[in-house]
Amino acid sequence: MKAFADRLAHVTESHAGEIAEQWAKAVRRNPKTPSFHNLSEEHCILYAKNFYQTFVKVYFEERPYPALEEFFTQYAEARFQEGIPLPEAIHALLMLRRHMWLFADSQAIFTSTIDQHQAVETINQTIRIFDQGVYLIIKRYGELSGGKG
């Protein structure tokens, strides 16, 4: 899995700007993320580019939980401060994940049967990370809005 994850990380890091541009256009048009429509494209691109670059670093942490907690808590705080409702913040996060995978798929980085098996393992790890992120974002939004989280 490490070899494929390394290739995915390399593609994501090398093309973070392109992936971020695609995400920014999509999130600013998506009917499920209307609060993002008023944010500038530049703001969205810069945010997404930083997200992808940081995500790659967090992915390879030996003990990722503390880094994940900080990473997704910062995501929640930034979206909350921008006035983004929780459902839109979560949908935008899922779009970030989807755009990362769509770009990797378009680059045909998994071509052999072994690559495809490793891709499935890497996808599963990525999903686990984002699932943990969703939990942390919901928790932080609850804390920020005065609830117990």
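Here our numbering runs 7 ahead of the position in the sequence shown, where the first position is 1.
Virtual Cβ for every residue (Gly too), placed ideally from N, Cα, C.
Legend entry - Coarse secondary structure for Gln114, derived from DSSP in three states: In the structure shown, Gln114 sits in coil (DSSP, three-state: anything other than H, G, I, E or B).
Inset, instruction - Taking the CB atoms as reference points, tell me whether Arg147 and Thr80 lie closer together than 8 Å. - result: For Arg147 and Thr80, yes; Cβs fall inside 8 Å.
Inset, instruction - Alpha carbon to alpha carbon, how far is Gly149 from Thr61? Give it in angstroms, no decimals. - result: When rounded, the distance between both Cα atoms is 24 Å.
Inset, instruction - Let me know if Gln125 comes out buried or exposed under the rule of 16 or more other beta-carbons within 10 Å of its beta-carbon. - result: Looking at its Cβ environment, which holds 16 or more other Cβ atoms inside 10 Å, Gln125 is buried.
Inset, instruction - Output yes or no for whether 8 Å exceeds the beta carbon distance between Pro104 and Phe137. - result: The question names Pro, but residue 104 in the sequence shown is Arg. Yes, they are a contact pair.
Inset, instruction - Just mark Glu95 as buried or exposed, buried being the case when its beta carbon has 16 or more other beta carbons within 10 Å. - result: With 16 or more other CB atoms across the displayed protein chains lying within 10 angstroms of its CB, Glu95 is buried.
Legend entry - Whole-angstrom distance between Ala27 and Tyr54, CA atom to CA atom: When rounded, the separation of the alpha-carbon atoms in Tyr54 and Ala27 is 8 Å.
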